[in-house]
Amino acid sequence: MSAIGPPVGALELVVTIVAAWVALGALGLVRPHSLRFVSRLIFPAGACVALLLTVIAFLSLDAPPQSLVMPLGLPDLPFHVRLDPLSAFFLLLIGAASFGVSLFSAGYFRASEGTPPGLICFQYHVFLAAMASVVVADDAYAFMVAWEAMALASYFLVTTEHRIPEIRRAGFLYLLIAHIGAIAILLCFGVLQAGGDDYTFDTMRNMTLIGAWPTAAYFLALVGFGAKAGLLPLHVWLPEAHPAAPSPVSALMSGVMLKTAIYGLLRVTFDLMHVQLWWWGVVALALGVVTALFGVIYAAVQTDMKRLLAYSSVENIGIIVAGFGLTILFRAYGKNLLAAITLTAVLYHALNHAFFKTLLFLVTGSVLHATKERSLGKLGGLIHRMPWVAWLALVGTLAIAGLPPLNGFVSEWLLLQAFLFTPSLPQSFVNMLVPLAAAGVVLAVALAAYVMVKFYGVVFLGRPREAHLAYAHDAGRFERFGLVWLAAGCIALGILPVNVIQAIDPVNAMLLHSSAISAGGGNWLLLAPINADRSSYSPLIVLVVIIATVVLTMRIVHRFYHGRIRTAPPWDCGFPLQTPRMQDSAEGFGQPIRQVFEPFFRIERHLPTSFDAAPRYFVRIGDPFWSWIFLPIAHAAEFAARIVGLIQQGRISVYLTYSFFTLLALLFFVR
Amino acid sequence: MTIASFLTQLLELAIAVALAPLLVGWVNMCRAWLQNKSAPSLLLPYRTIRKLFMKDAVVAQSASPIFRTTPYIVFGAMCCAAAIVPSLATDLPFAQAADAIALVGLFALARVFIALAAMDIGTAFGALGARREMFVGFLAEPALLMVLFTASLISGSTSLPTIVDALAHRELAIYPSLAFAGVAFTMVSLAENARIPIDNPSTHLELTMIHEAMVLEYSARHLALLEWASALKLFNYSCIGLALFFPFGIAAAGDWLALIGAAPALIFKLAIGGVALAFIETLSAKLRIFRAPEFLGTAFLLAVLAMLVNLLLGG
Amino acid sequence: MAGVPLYAQFINLLAAILLLLAFAMLAQRRVLTLIDLFAAQGLALAISTGVVAYGTSQPHLYFSTVLTFALKVILLPWILHRLIRRLDVRWEFEGLINIPTTMLIGIVLVVFSFNLALPISQLASTVTRSTLGIAMASVMLSFLMMITRRKAIPQVIGFLAMENGLFFAATSATYGMPMVVELGIALDVLVGMLILGVFFFQIREQFDSLDLRHLEKLKEPDQ
Amino acid sequence: MIEVVLILTLPLVGAAVLALIGERDYAPEVNVAASLCTFVAAAALTARVISSGPMLVLDRLFFVDPFNVFLVALTAFVGFTTSLFSRPYMRIERAHGRLSTGRLRLYHSMYQLFNFTMLLALLTNNMGILWVALEGATLATVLLVSLYRTPASLEAAWKYFILCGVGIAQALFGTILLYFAAEKVLGAGGGALLWTELNSVKGDLEPTVLSLAFVFLLVGYGTKVGLVPLHNWLPDAHAEGPTPVSAVLSGLLLNVALYAVVRCKVLVEASAQTSFAKELMMGFGLLSVVVAAFLLSRQKDIKRLFAYSSIEHMGIITFAFGMGGPVANFAGMLHMTVHSLTKSAIFFAVGHATQKAGTQLIDGIRGLITLSPMIGWALALGALAILGMPPFGVFASEFLILTTAIRDQPWATPFLLIALGIAFAAVFSKVQPMVFGETNAQRLPERTALIPVFVHLGLVLMLGLWIPPYLAEWYRQAARLIG
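Residue numbers (my numbering), protein chains in the order written: chain Z, -4 to 666; chain U, 61 to 375; chain V, 4 to 226; chain A, 458 to 940.
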């Protein structure tokens, strides 16, 4: 790509694209109730714009930073925008994922009970525009505006079906946590700005913080961006909001929006600040691993397919943040090469997650449309009814389960490699600690496979658990395009890691002044971070070999024996009565995990007794963080409010007494 | 890569594929002896496979293409794995393409597919088996990875040939961490190969079976491939174990004489290993399925401990 | 008080009377007497203004003397009396706190405001500087009175008495504010009084009593 | 010069005319016309001040500088839009039989009078007149608050009158002390209360007297600003008065009172070299923010809810002015502007919402967006704007305030963080069900006036994304003025 070089005025183009998205959205408001107008015209157009963005971002990945000053913003603080490798990478992510999602949406949205389609289209495109602006913003104010616009747009999208109380509640929770996080981020910028003369990121880059200020900034950022990314314990909104939203929106939120939080973390920690302390890294690492384990364990016991995916997003974010912490660790000890490798893993995983999680959420959308069912317990056997969706979903499933030769495996491979480098760290305490983290990550990855088998198996395989599933229809044309694009992305990212890493490398150069591939002994075929005989991986070869063996075996078998096949009903083990309901339900499949991790769950469970007139089994798995953190806070606030409320108790003489004593107190204070 | 090393690669692959059923036969034989039964023929597994290939395949109506492709994919994955693990020699060009982590990935790939295939029919048994298999897997996999990590921390590499080189052809050094790793590895491989105490390959008792429950719906060539694949799996695991803990006799790169000597060494080691496996299976009793996590958890912790010990005592 | 001109001494005397009256109002139970006391206070205020005007020969203060007299001695008391008669509320009323305690608090207030005003009075250029403290004290006392009264009218009288204190501060401590300001103030007081008159009737017709206990509905709901 | 006269006379004339023609049913239009003329005059004045700097008119009696001229413009503008809104609103009220024509007459003339007093307070150069005007504003609004003559409204008006009366009395005492200190420097007579004069000699005013005076002034005017714990009149008055009055009360009156406080603060800070004025204002500000935030979560009545939010924002502004410095003052003034625009817009929307639902109780108002999307969106967006959501202007000022605070007054930021969080939770959790969900609202006899709402919100949105350079310049001058 470096051969072509960045298009002239790439940044201007990006800004135009953002404007174009907003304009398209506004166009949707012209005829808010005409579904065909919106879905046949605007969403495809938006998709084209997204594709354009992808191309531009890709071309300007290794371009020198360009910046612009918009004629908007505060008087002393016009909006600054900047296009450097980091933002280019995330623009690439946004563009690529949203291309697929927009195509899908063109076929997805129906006239809904809640928000009219035109309005949805508006909010949707504003959401895209906001995400793009977040990553190009180059001053605190522009960033915050874009950031909160993103939150607002997504909030309104989440509450599309606003007549359902749960959805309203989810939206509220989401916006609340987003807002608190935003305030934290804002304060973080306040610290970074360090009384400099304005709020541009350049000023912050030039400031050198002293004393406890850097730590304050880092932790404010961790809280603020963590709240958006769904880091423990601020993840509670995520499993509520993602299922509530329409599937393309959940896809965007989970696949793309969470990454903007990662972007923010990287930007603040490595670009705006010059010092990184090793124990910041330890904190992030620990948080990440705990989040990952928590997320995947909870995903394993979910019975709603979108909640399951939401928790799996929590897990992936946890892995990414763990990698982020490791990067800080290496960076703090000046091991820039290793830091670069880790950072590559982080970015790579972010990109991968953007693809496969988006894909899977869109798949749930198609399933939802085809069956009107979200509960895993009522699905099954869809591979026969909707083959397109099923096969594309299989790609996503294998990818997210971290299996070679797909993309999920590559990033996890890199991350584990990075973990194996820790012995070179000078501090023995960290040396002891990191292997534990590695073990945690590996455990999370292995569990992810469990979860995804559950997801795919229960939804698509087996026999339909409900009669009406027989009428399920496959996805439409636009939807297929979207899904195919994302699946293709998963495969491409999986088998061409070397090229991808080369593309990402400018980011390392920018943030860590080091390169992940400089020392690598690999070639286009062979991915070798340090040198080929230390560790190397070539998915292409693996893929070829596997396919070769498979084909060969098939040939041989059919050649020397025969290909005769009879079909028969499945073996009933002597029980003549076999109904689809006898298959494992989702609860059933998650039950071992629930048994093992019993103490971590808040389970309310009702087992039927043999005397029950109408026996029914019921289990709900609650998030313990509610009772650990959020409810106490809420109660404390209520209590405080009640106390404060006593001020206002209606008697005028009491009010007069207040003023009187205020006066006396002040008078006493001044003399 | 030179043509020679390519040949080595093919040779080793061929040997693995060929010898795998023999190992199974040998283990069953030993076990029969230890249990004072009259032993089945050493070649029984070959006969079974051949018989199965002859038969007509029966596939359930509700089966999807996944069900029918899975045996080939599993078999393919196992072959790749066999190509990575240095059993005879250490100059394996293919091992460049996939290191220890990829090896675990390949095992996982096989596991996931076989589990999906089990769920595909939509019988209670299939799902039950799949669930248990994944359940065993989610603890066994990390443990295996940790064992490999310990080794790779010692040798500073994750590519198996390099590890083996480091362990085999350096001057002899005592690695206390490998003791832990060894125990952990043994436990893992028992679980992974559907052996007592986790699973019992020679029973179809619904309450206990794991692997058998998954392949219940398979017949004829599909079943044959799966059986062969699991034999290969056992073979691979044994080879990994031997390569990590008894790496002696494995030929270094381009050392033809050593290669000649390596084959008998391998067979000898495998024979010993088979006996050991039979012993373990005979002496230990099948665990309840919910004891499995404790068993594997122990394995996992031991493996992690091995890493820590390694870092503490500098390997 | 040697060296201090006679009129100044006279003003100080009036100041003392003013404070005394403030105390008396604080202690007073019967509303009619309260009104008379208020009128008396207004008279003292008017006289003191006049004396200041004479002593410092500031003609515009004569004007405000007349204004004060007309407003505080004649007009407001008259309105109040009319109100009382029209609403026929000639009750005795109970304060929230009993009289002795109120007086005690009052004395504390007086001491407080005296030594608060002391440093300021030191650097006042006017001869009648000590009156500032007294003015402040009477403001405080009226404030206290407003707090302790439970009925509407006495509270308003307290309010007006507070205005008296302010006036006194304005005229005698600082020899009068600029004319326009005084006019404005007077106007406001008058209008305020009228509005209050209207109010009393509205409150009466709503609650048929002027007891402020009826005016305690709006509060924070305590759920 | 002529503009000043016009600005002051037009409302007076309007009041007189409306008092005469009250019964006619074109009275609302007259009201609108008067406000419009005032607004035009104010615009002309601002234009002049921007072009040719501060000016003194009518022998130093009136004084126009950037600081008060932007408030004048704001006041006139919001006064105008509110009159636009009150036209249909009041008609609907009459149609519902809650008001007689006689009351409407009172309402209209008092509305104009109220505008007059506020403009006077802003324009005058004389601290005494400032006091008089504010007292006048109280008197005018007391009658407006008690317009419905319900027990509740009477009670509210009574509390409003007594508390503000007492407070304003303290302010008078403060003014007297100010004069007392000034006359020694400037000599007795008119000059000693002119702000310009005081400002020119603020350095040599007697610190002890001034600090004492500031206490009285702060308590006095602070009562009208609604600073905790002097705020108790505010929610009642807002909740019980007619909605247009609530709109102007929290949109304008609070600003004007705060303006008075700031003027005094300038003098005191210069004379008393201590920072106690700053500390007092910051303390009161924070206290108001926190207490209001907690009280927000207990409201059942929608107008009370937004009244408390006004207290909270006044607290924020006071805190900003307390911190001082160019950025904080800039932010404070920006916040004044956006708050009054947003809050009045919200009250417009709330007014129609309550009319549609037939109740002020939050639980009674549901799913506005389904019956009348415009009102629903207005309420939703307004609430989000007032809660400091970008890209609305409120966020711009809060951004500046918070970022300044964490460097200058780090100790204060936790309180602000908590307060803003709680306020968001409280308000939004109440607004969301009112906007979304199933509805229970009914149609209205008269067309609702939502243009003002969206004009205001549009302006606020603009201020969040782009502040016109001259406006910015203007803020900067003002910020410099008040140090």
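For glycine and all other residues, C-beta sits at the position ideal for the given N, C-alpha and C. Keep in mind that this is a model prediction, so the values were computed, not measured.
Measuring only the C-alpha atoms, how far is residue i from residue j?
i, j, result
"ILE638 of chain Z", "LEU247 of chain Z", "43 Å"
"GLY808 of chain A", "TYR546 of chain A", "8 Å"
"ASN15 of chain V", "LEU798 of chain A", "52 Å"
"VAL9 of chain Z", "PHE53 of chain Z", "12 Å"
"VAL335 of chain U", "HIS508 of chain Z", "56 Å"
Which residues in chain U sit within 8 Å of residue i, going by Cβ to Cβ distance?
i, result
"ALA418 of chain Z", "A small correction: the amino acid at residue 418 of chain Z is Pro; Ala does not occupy that position in the sequence shown. Near PRO418 of chain Z (Cβ distances below 8 Å), the residues of chain U are LEU213 and LEU371."
Take the Cβ of residue i as the centre, count every other Cβ of all protein chains shown within 10 Å, and call the residue buried at 16 or more, exposed below.
i, result
"SER533 of chain Z", "buried"
"ILE459 of chain A", "exposed"
"LEU373 of chain U", "exposed"
"ARG561 of chain Z", "exposed"
"LEU24 of chain Z", "exposed"
"ALA465 of chain Z", "exposed"
"CYS568 of chain Z", "exposed"
"ILE332 of chain U", "exposed"
"PHE339 of chain U", "exposed"
"TYR636 of chain A", "buried"
Give me the chain V residues within the contact set of residue i, using Cβ-Cβ distance strictly less than 7 Å, ordered along the chain.
i, result
"GLN586 of chain Z", "Per Cβ cutoff of 7 Å: no residues; GLN586 of chain Z is ~43 Å from chain V at best."
"ASP693 of chain A", "LEU221"
Interface residues of chain Z around residue i at Cβ under 9 Å?
i, result
"LEU634 of chain A", "Simply none; closest approach about 12 Å."
"PHE355 of chain U", "Those do not exist, as PHE355 of chain U stays about 12 Å from chain Z at its closest Cβ, beyond 9 Å."
Please confirm if residue i has its CB atom under 8 Å from at least one CB of chain B.
i, result
"PHE210 of chain V", "No chain B appears in the structure shown, which is made up of the protein chains Z, U, V and A."
Contact defined as beta carbons within less than 8 Å: I believe residue i pairs with residue j. What is the distance between those atoms, to the nearest angstrom?
i, j, result
"TYR119 of chain Z", "GLY20 of chain Z", "7 Å"
"THR110 of chain Z", "THR49 of chain Z", "The Cβ separation is near 28 Å, so there is no contact."
"MET367 of chain U", "PRO399 of chain Z", "That pair is no contact at about 23 Å."
For residue i, go through chain U and note every residue whose CB falls closer than 7 Å to its CB, in chain order.
i, result
"ALA365 of chain Z", "By Cβ distance, chain U contributes nothing, its closest Cβ being about 17 Å from ALA365 of chain Z, past 7 Å."
Looking only at its own chain, which residues have a Cβ that is under 6 Å from the Cβ of residue i, when we skip the five neighbours before and after it?
i, result
"ARG615 of chain A", "At residue 615 of chain A the sequence reads Trp, which differs from the Arg that was named. Correct list: empty, nothing qualifies."
"GLY536 of chain A", "SER492 and ASN572"
"LEU346 of chain Z", "LEU88"
Identify the contact partners of residue i in chain Z, using a Cβ-Cβ distance below 8 Å as the criterion.
i, result
"GLU663 of chain A", "Chain Z residues near GLU663 of chain A: none, gap ~13 Å exceeds 8 Å."
"MET149 of chain V", "SER648 and LEU651"
Note down, in chain order, each residue of its chain lying with its Cβ closer than 8 Å to the Cβ of residue i, except the 5 sequence neighbours on either side.
i, result
"LEU411 of chain Z", "ALA433, VAL436 and VAL437"
"LEU230 of chain V", "Outside the modelled stretch of chain V, which goes from 4 to 226, sits residue 230 of chain V, for which no answer is possible."
"ARG933 of chain A", "PRO783 and PHE787"
"LEU580 of chain A", "VAL461, ILE464, LEU465, PHE519, PHE520, VAL521, ASN525 and VAL529"
"ALA484 of chain A", "LEU475, ILE478, LEU561, ARG562 and HIS565"
For a contact defined as C-beta to C-beta under 8 Å, what are the partners of residue i on chain A?
i, result
"TYR194 of chain Z", "THR860"
Give every residue of the same chain whose Cβ lies closer than 7 Å to the Cβ of residue i, excluding the five residues on either side of it in the sequence, and list them in chain order.
i, result
"ALA837 of chain A", "VAL888 and VAL892"
"VAL599 of chain A", "ALA614, TYR617 and PHE618"
"TRP931 of chain A", "ILE507, PRO523 and PHE527"
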